[in-house]
Structures are given as C-alpha cells and as structure tokens.
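When we follow numbering that gives the first Met the number 0, the leftmost residue of the sequence shown carries the number 0, and every step to the right adds one. First comes the structure, then the notes that go with it.
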Amino acid sequence: MTQDPDTFTVRKEQHDRMVQAYDYLRSHNFVETTDDVALRMGVNRSSIRSALSRGGTYMSVNLIDGFLEAFDGIFSRAWLVDGEGEMLAGGELFSTSPHPTRSDRVTYIMEQEGLTYGEMTKEVGLSNASTLFRITRYGQRPQDATLDKILRRFPRYRREWLYAGIEPMLSAQEQTDEATASPMEILDEEALAKSTALPYHPSQTMRFPLVEDPAVAGTLTSFGDPDPDGVRMIEVPVDRHYRGIYRIFTVQGDSMDDGSSKSLSEGDRVLARSVDRDYWLDGLHTRDWLYFIFVTRSEGIVIKQVVGQDPRQGLFKLHSLNPFYHDFDLHVEEVVAIYNVIEIVSRRLTV
C-alpha cells in the first residue's frame with residue numbers, strides 16, 4: 000500500500016524535528032546516544048535507532064508522545080507534532096546531572112568505592128586496567144558488558160542510572176538503608192576492621208588519624224615510629240565515605256615549595272591513602288596522583304613527586320619541587336609504607 004504523499008511529508012517533517020530534538024539533548028548533556036533515549040523511553044533500542052537515523056522517514060505521534068514523556072518539560076509538543084511555535088517548551092535548558100555521561104558515572108563509582116584502577120579492575124573482573132583508564136581519563140563510552148560487570152559487583156547502583164543517568168542513583172533498599180543508618184553503620188564490620196576513616200557525620204565530615212610526627216618535606220631525617228597509630232583524630236569535610244587506610248600528615252620543610260600553586264608548604268596537612276604493597280613494584284600511578292608519602296625504616300617520612308620507577312631494581316626516583324633540592328633514589332627495601340596524597344585538608348597562611 001502506497002503512503003499518501005501528504006502523510007509522507009508530515010511524517011518526514013516530524014522525523015526531522017525529532018532528530019533536531021535529539022541533537023539538542025546530546026549537545027546539552029541529557030543523553031549520549033540513541034540507546035540512552037530508548038532506555039529513558041523504555042522501548043526497543045533498534046526502533047529508536049531507526050526512528051532517529053539521519054536518512055530515516057519513519058515517525059508516529061505515539062512515539063513522539065513517548066519521547067515527550069521521557070524528557071518532560073523540555074520540548075513543545077505543538078512544535079514536534081505540527082511544527083508550530085518554538086522547539087523548547089520553556090527556554091534553554093541544560094542537564095543538571097553531575098554525572099551526565101556513562102564514563103562520568105563509572106568514575107563516580109570508583110571514587111565512591113575508594114578504588115584505584117587496579118583494584119577496580121580486579122573487583123569487577125575486567126581483563127586489564129587500561130579499560131577503566133580509557134573510560135575515566137579519556138571519556139571513552141563504556142560498553143554494556145563493562146557496565147554489567149560493575150553492576151554485578153556493586154548492585155546498590157541502579158542499572159537505569161548507570162546506563163542512562165536516570166535517577167535515583169541507588170536501589171530503593173540502598174536509599175532506605177542510607178536514610179536510616181547511623182554514622183557507625185555506614186561502614187560494615189569488615190570495612191570498619193580494615194579502615195581508619197571513621198564516619199563522624201554522614202556525607203558531611205569524617206575523622207582521620209593524624210600522624211603527629213610530620214612528613215618531612217626535605218631530607219630523610221627526624222623520624223620516630225615508622226607507621227604510628229594515630230591517636231588524634233582530625234575532622235575533615237568530605238563528599239563521600241572513604242574506605243581504606245587513610246592518614247593525615249603534616250608537611251615540614253620547604254623542599255616541596257617552589258612558589259607555584261602546586262606547592263606544599265610548611266605546616267600544610269594532607270590527607271593520604273595507603274597504597275597496597277602489591278602495587279608498589281607494578282608501578283605507582285603517577286598520572287593519577289601528584290605526590291606520594293614514603294614511610295621508611297630508618298630515615299624518616301618523606302613527601303615527594305615520583306619521577307622515575309625501576310621495578311626490576313626496586314628503585315623509586317624522588318623529586319622535590321624546590322630546585323635547591325636534588326633528586327634521589329629510594330630502594331623498596333627501605334620502605335615500610337607508601338601513601339598517595341589525596342588533597343590538602345588545611346593550610347597555614349604566611350606572610
């Protein structure tokens with residue numbers, strides 16, 4: 000049966016306007032692909048791919064209404080159906096999601112779970128860490144199979160959120176658990192046994208042990224207990240619950256101060272996370288972390304930039320920002336613990 004020419008023209012024009020609307024959603028961070036549109040609409044992916052293909056002509060009012068319902072309040076129905084008025088129902092809109100893309104959401108999960116590339120790779124069963132690196136560093140869109148592995152390991156995140164950014168982020172049970180949990184219930188017993196980061200107030204502050212013997216940002220001298228148990232707890236504002244071994248160190252000396260915005264100055268306190276010994280000779284993630292703290296057996300605690308690693312010889316080449324200090328090698332046998340510096344938690348103002 001041949002389609003009426005007028006009907007064909009109407010459908011073609013509706014199709015072209017839907018493609019414009021889809022382009023708007025992409026450019027304003029609401030979706031990445033037609034698959035995201037299909038997930039939000041709850042329909043078959045192939046039908047949406049066909050409907051929004053550049054050379055396509057198929058369109059129906061039912062599909063338009065489903066599209067409008069999925070993206071409520073953004074587009075004008077009169078414009079999409081009849082071409083009347085303006086495309087937008089209420090003016091320019093941008094996505095307000097803090098994690099608009101799949102790669103953003105994978106990165107967020109890694110941060111929330113407090114995992115490195117290597118740890119996350121093992122947790123979810125990926126073949127190598129480069130997959131996660133490309134996703135989080137270069138924004139490569141993760142495949143469905145990768146997302147499925149993440150969801151199997153971390154089922155508290157909703158599939159609709161991870162795939163297409165559809166809120167809420169957490170499953171209904173997780174939302175209930177978080178709303179009713181006391182600060183000490185946020186971490187399970189196993190996590191509490193392994194963690195030195197104790198929740199002080201959910202999602203606002205946490206307390207971390209302070210290493211009273213300062214990190215010596217200078218020479219390898221003046222060191223007491225090589226890895227002391229912090230007895231003084233420092234409260235720090237946080238945007239997530241840290242899991243793992245964390246400590247706060249105080250910077251002493253000027254070797255990491257070159258006057259730049261990246262300097263660490265005398266008296267600065269930094270939050271640092273313990274690096275598992277299994278990763279020491281695999282190569283520290285110097286692209287992810289700017290500075291590392293080394294706790295040594297006989298020389299002291301030092302905070303430096305790692306500019307070279309020789310796993311075969313077991314050597315780290317350490318660098319100071321201050322040009323008056325020379326680079327030096329540190330052998331792994333001298334190292335008791337390594338921490339990567341997460342952030343500066345307090346800074347003294349000097350004149």
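Where is the CB? At the ideal position from N, CA and C, for every residue including glycine.
Measuring C-alpha to C-alpha distances from glutamate 332 to each of Tyr324, Phe293, Asn321, Ile341 identifies Phe293 as the nearest.
In the same chain as arginine 140, and ignoring 5 residues on each side of it, the C-beta atoms closer than 6 Å to its own belong to Arg101, in chain order. Take leucine 283, set aside five residues on each side of it, and the residues of its chain with a beta-carbon closer than 8 Å to its own are Val274, Phe291, Val305, Gln308, Phe315, Ile337, Asn339, in chain order. Annotated three-state conformation of serine 273 is strand, per DSSP.
The Cβ-Cβ distance between valine 250 and threonine 204 does not fall below 8 Å. About 6 Å separates the beta carbons of methionine 86 and phenylalanine 74, which is inside the 8 Å limit, making them a contact pair. In this structure, valine 344 keeps its C-beta atom at 8 Å or more from the C-beta atom of valine 210.
Threonine 145 sits away from methionine 109, with the two beta carbons spaced by 8 Å or more. Judged by their CB atoms, isoleucine 233 and arginine 272 are not nearer to each other than the 8 Å cut-off. Under a 10 Å Cβ-count criterion, arginine 286 is classified as exposed, with fewer than 16 other Cβ atoms of the shown protein chains found around its own Cβ. In the structure shown, methionine 232 adopts extended strand secondary structure according to DSSP, grouped into three states.
The secondary-structure analysis by DSSP pairs alanine 336 across a beta bridge with Val294.
Proximity to aspartate 35 across Ser262, Leu125, Pro99, Leu114 peaks at Pro99, based on C-alpha coordinates.
For glycine 307, the pairing in a beta bridge is given by DSSP as Lys316.
Counting only runs of at least 4 residues, the region 48-91 fully encloses the following alpha helix (DSSP H) elements, listed from N- to C-terminal order: 60-69, 76-81. In the DSSP assignment, leucine 131 falls within the unbroken alpha helix (DSSP H) covering 129-137. Listed as beta-bridge partners of proline 208 by DSSP are Met232.
Here valine 80 has Gln13, Val60, Ile63 as same chain residues with Cβ atoms under 8 Å from its own Cβ, once five neighbours each way along the sequence are excluded. DSSP, read as helix, strand or coil, puts valine 9 in helix. Under the three-state reduction of DSSP output, glutamine 142 falls in the coil class, being neither helix nor strand. Secondary structure at arginine 104: helix, using DSSP grouped into helix, strand and coil. The three-state secondary structure of valine 36, taken from DSSP, is helix. Distance between leucine 92 and arginine 231, taken at the CA atoms: about 48 Å. DSSP places aspartate 287 outside both helix and strand once states are collapsed to three, so it counts as coil. The three-state reading of DSSP puts valine 237 in coil, since its state is none of H, G, I, E or B. 8 Å or more divides the Cβ of leucine 280 from the Cβ of glycine 243.
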